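Each step along the sequence shown adds one to the number in the working numbering, with nothing skipped, and position 114 is 114.
Where a beta carbon is used, it is the ideal one built from N, C-alpha and C, also for glycine.
Just so it is clear, the structure is predicted and the values come from calculations on it, not from any experiment.
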Amino acid sequence: MKATGIVVEYNPFHNGHHLHANAAKETTNADVVIAVMSGNFLQRGEPAIVDKWFRTEMALKNSVDIVFELPYVFATAHAPNFAEGAIRLLDAALCEHYCFGSEDGQTTSFQQALQLIRQNHDSYEQSIRQAVEQGLSYPKALNEAYKSIQQFGDATTVVDLTKPNNILGFHYMLAAEKIQSKMSAATITRVGAQYHDQEFSNQSIGSATAIRQSFFQSSSLDGVQNFMPTSVYDLLLQAQAEHIPFANWEMLYPYLRFTILREGPENLQKIADIVEGIENLMYRAALQAENFSQFMTLIKSKRYTWTRLQRMLTHILTGVQQTTRDTIQEPSYLRLLGMTENGRNYLNTYKKAFRLPLLTKVGNANDPSLTLDIHTANMYYQSTGQFQAVNRDYKQSPIYMRL
Numbered sequence: 001m002k003a004t005g006i007v008v009e010y011n012p013f014h015n016g017h018h019l020h021a022n023a024a025k026e027t028t029n030a031d032v033v034i035a036v037m038s039g040n041f042l043q044r045g046e047p048a049i050v051d052k053w054f055r056t057e058m059a060l061k062n063s064v065d066i067v068f069e070l071p072y073v074f075a076t077a078h079a080p081n082f083a084e085g086a087i088r089l090l091d092a093a094l095c096e097h098y099c100f101g102s103e104d105g106q107t108t109s110f111q112q113a114l115q116l117i118r119q120n121h122d123s124y125e126q127s128i129r130q131a132v133e134q135g136l137s138y139p140k141a142l143n144e145a146y147k148s149i150q151q152f153g154d155a156t157t158v159v160d161l162t163k164p165n166n167i168l169g170f171h172y173m174l175a176a177e178k179i180q181s182k183m184s185a186a187t188i189t190r191v192g193a194q195y196h197d198q199e200f201s202n203q204s205i206g207s208a209t210a211i212r213q214s215f216f217q218s219s220s221l222d223g224v225q226n227f228m229p230t231s232v233y234d235l236l237l238q239a240q241a242e243h244i245p246f247a248n249w250e251m252l253y254p255y256l257r258f259t260i261l262r263e264g265p266e267n268l269q270k271i272a273d274i275v276e277g278i279e280n281l282m283y284r285a286a287l288q289a290e291n292f293s294q295f296m297t298l299i300k301s302k303r304y305t306w307t308r309l310q311r312m313l314t315h316i317l318t319g320v321q322q323t324t325r326d327t328i329q330e331p332s333y334l335r336l337l338g339m340t341e342n343g344r345n346y347l348n349t350y351k352k353a354f355r356l357p358l359l360t361k362v363g364n365a366n367d368p369s370l371t372l373d374i375h376t377a378n379m380y381y382q383s384t385g386q387f388q389a390v391n392r393d394y395k396q397s398p399i400y401m402r403l
């Protein structure tokens, strides 16, 4: 059986995701699609709209065969670490391909970019350092450094790294090269809505951002039904019927504000990603701001992207310190969240050959990354008012979907 891997968040799953999963399987002639999915907190420093178990079920009902959890340390990291954590898991699960969506739509331009950077490594790294010293955010510094060496390549074949999906795709390919993976890269052109689109411009494909914004503005799922498979819409209706709240930062802000004011600047500076005295600004903002939007307006600057700030705030909310995160450099297991019958057949056939242990029960496992995943999941449930779901990781078996 041939497996193709994809890296996902499904916040929530929509028609574009369904197209990607199907196209990944078809393009690579795979028998199985394996998704590495972020848990309850995401790469842009946001809480997932619904937890990882709901989102796993969405995936399994819509062309994904196996879902592994991307540990918190990588799921909430900046693009290079996020990509490397995910690629290491797909490689460990013996995927023959990994497939990502991109604005560019062809891997040759990404390969050209990698070659260009290899050939101009010293100049590239120096440009990054200079840009950061001048006050640019890290993503902008990377882009400026990349543009500075493009003169040495063919501009018609080098990928555009100002596009969000291209950026992630580039880092997936960079990570695969770094770990010397034998997986082959494939990419699918992103169609319809773009990653950051906040409004619907297509009758059936909308970005997850637009779907979330539509719901939180109206508190209704009526306006998003056309943009997701029926099974996903039904799962979201089920969550509403069970009074499970849909999470966002405005909901979590009272808990975040309480934590910032309780800890104070001295303790905040120990939190992961907190740098350059920004803890003082955050403390002053928490004293004033009555909601999350006001808070972000008070702390936003040209130096820090909105996403980077939200990742800092995620670590504050969950209490993850820099020293704790630094102890986890690579994934150490494959945490199974769910599988179809086809996926189970793949696991039964290949699990003994996996390059990392397959984890189906957390039990008393003594692993720093797993301990952190369970802790941060509990913080998600506590801060969203899902008190009955605290410690769900100990009680929930992997979802088995017979289709």
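In the DSSP annotation of this structure, the continuous segment of the beta strand (DSSP E) that includes M37 starts and ends at 32 to 38. Secondary structure note for A185: its beta strand (DSSP E) is the uninterrupted segment 184 to 189. For M183 against D91, the beta-carbon gap comes to about 6 Å, under 8 Å, which counts as contact. Shown here for V33: same chain residues with a beta carbon closer than 7 Å to its own, the five before and five after excluded, namely T4, I6, A21, A24, K25, S63, V64, D65 in chain order. Every beta strand (DSSP E) stretch that sits fully inside the segment 47 to 114 and reaches 3 residues is listed by chain position as 66 to 70, 97 to 102.
Take Q321, set aside five residues on each side of it, and the residues of its chain with a beta-carbon closer than 7 Å to its own are K270, I271, A272, in chain order.
A residue is called buried once 16 or more other Cβ atoms fall within 10 Å of its Cβ, and F215 is buried on that count. In this structure, the alpha-carbon of V159 lies about 39 Å from that of L403. Short of 8 Å from the beta carbon of Q150, and not among the five residues preceding or following it, lie these beta carbons of its own chain, in chain order: L116, V158. DSSP places A3 in the uninterrupted beta strand (DSSP E) bounded by 3 to 8. Around the Cβ of V50, a 10 Å sphere holds 16 or more other Cβ atoms; the residue is buried. Counting C-beta pairs with one atom in each stretch, the segment 371 to 391 and the segment 243 to 256 have three or more that are closer than 8 Å, which means they touch. In its chain, beyond the 5 residues on either side, P368 have a beta carbon closer than 8 Å to the beta carbon of T327. Of A83, Y304, A93, H171, the smallest CA-CA separation from L334 is found for A93.
Secondary structure note for M401: it is in no alpha helix (DSSP H), and the uninterrupted beta strand (DSSP E) holding it is 399 to 401. Residues A285, A289 of the same chain have their beta carbon placed closer than 6 Å to that of F295, with the five preceding and five following residues left out of the count. L317 and L359 have their C-alpha atoms roughly 27 Å apart. Spanning the alpha carbons of A77 and I128 requires a straight line of approximately 19 Å. Put simply, of H17, F292, Y283, Y233 the residue whose alpha carbon is nearest the alpha carbon of Y253 is F292. For F100, the closest alpha carbon among the candidates N11, E266, V36 is that of V36. Take the alpha-carbon of E103 and the one of I399: they are about 33 Å apart.
Taken through DSSP and simplified to helix, strand or coil, M339 comes out as strand. Pairing P357 with R88 gives a Cβ-Cβ distance that is not under 7 Å.
Closest in C-alpha terms to D393, from the list A377, S231, H121, Y10, comes A377. For F216, the three-state secondary structure derived from DSSP is helix.
Per DSSP, the continuous alpha helix (DSSP H) segment holding S369 begins and ends at 368 to 383. Here DSSP, grouped into helix, strand and coil, assigns I167 to helix.
With respect to S38, T305 sits apart: the two C-beta atoms are not nearer than 7 Å.
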